[in-house]
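Residue numbers (this note's numbering): -13 to 287.
Below, the structure written as structure tokens:
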């Protein structure tokens, strides 16, 4: 599976009645594709998969696949218990998703052989390509990563841990098994801040939370970074670094901040679902100032 460009993780919009707003979702996904997303990851962490029912999860995946219409790969979230992960993976396959992003099992810790067994169980039950999301309760050793890479269905690893030493070992171990036929990407909440470091260990792809609400800024950084334009450094210092500081004030702000940013730009995404909480009005004002500064730097203000 080939990705080219920024990886887009759409939000899941909720309407005034609390239900998934499919029309707003369609517009949001279409906007991301129009701005050049290299892949669409529907109903994943930024899409609040933890808060979606099975019916809602299927609706988000179905609508995303319809809107993208083959323009770029669509990857659907799946995770939780083995049974839930298999059900979500089967639904994603039937709805036309190109792959799943397999999130960690919830609440429980497990030894390495248990983590490998978790991925193998999903792979054995559903014929769909799998990208393993390394974070939380699923942190792989290089040996476990290599064992998973030996499974033809496992096509990639998304890293949300940020341990560059471990990730370098994983890249080396997996490349020894699969060569270049495997996708790695930086999936930290604000990946632009570590793009240079991950590129240095052979992981140039990254997902961008900012792309979901300021695609103009995310695109400006992407182009500047890849052409060694000093603008990349200015965006890091004046937009991304303060954005991360605001995001880190409360658990769940990795999603709530993105939703607040999208709302401030007229996207009807609604609030986050419990147990997440929305930003305070003062924090929303801070975010609005940051967005204005980022757009100005990107020449879009």
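Where is the CB? At the ideal position from N, CA and C, for every residue including glycine.
In this structure, residue 255 and residue 14 form a Cβ contact; the two beta carbons are roughly 7 angstroms apart against a cut-off of 8 angstroms. With a minimum length of 3 residues, the unbroken runs of beta strand (DSSP E) contained wholly in the region 108 to 143 fall at 116 to 120. For residue 26, the uninterrupted beta strand (DSSP E) segment begins and ends at 25 to 28. For residue 60, the uninterrupted beta strand (DSSP E) run begins and ends at 60 to 64, by DSSP.
7 angstroms or more divides the Cβ of residue 24 from the Cβ of residue 55. Rounded to whole angstroms, the gap between the alpha carbons of residue 210 and residue 204 is 10 angstroms. Residue 9 and residue -13 have their C-alpha atoms spaced approximately 28 angstroms apart.
One thing to note: residue 164 has its Cβ within 7 angstroms of the Cβ of residue 135. When the five nearest sequence neighbours on each side are left out, the beta carbons in the same chain lying within less than 8 angstroms of the beta carbon of residue 68 are those of 91, 104, 107, 108, in order along the chain. Residue -11 carries a coil assignment under DSSP once its states are collapsed to helix, strand and coil. Taking 7 angstroms as the cut-off, the Cβ atoms of residue 242 and residue 273 do not count as close. DSSP places residue 244 in the helix class (H, G or I) of the three-state scheme.
Contact annotation, residue 60 with residue 28: C-beta distance approximately 6 angstroms; criterion of less than 8 angstroms satisfied. Residue -8 places its beta carbon 7 angstroms or farther from that of residue 171. Within the same chain, and ignoring the five residues on either side of residue 167 in sequence, no residue has its Cβ closer than 7 angstroms to its Cβ. The shortest CA-to-CA distance from residue 26 to any of 276, 133, 50, 35 is the one to 50. By the neighbour-count criterion, in which 16 or more other beta carbons inside 10 Å mark a residue as buried, residue 93 falls on the exposed side. Relative to residue 124, the option among 113, 138, -2, 98 whose CA is nearest is 98. The beta-bridge partner set that DSSP reports for residue 6 consists of 0. By the Cβ neighbour-count rule, residue 7 is buried, with 16 or more other Cβ atoms within 10 Å of its own.
In this structure residue 179 touches residue 226 by the C-beta definition: roughly 5 angstroms separates them, less than 8 angstroms. In the structure shown, residue 44 falls within a helical segment according to DSSP collapsed to helix, strand and coil.
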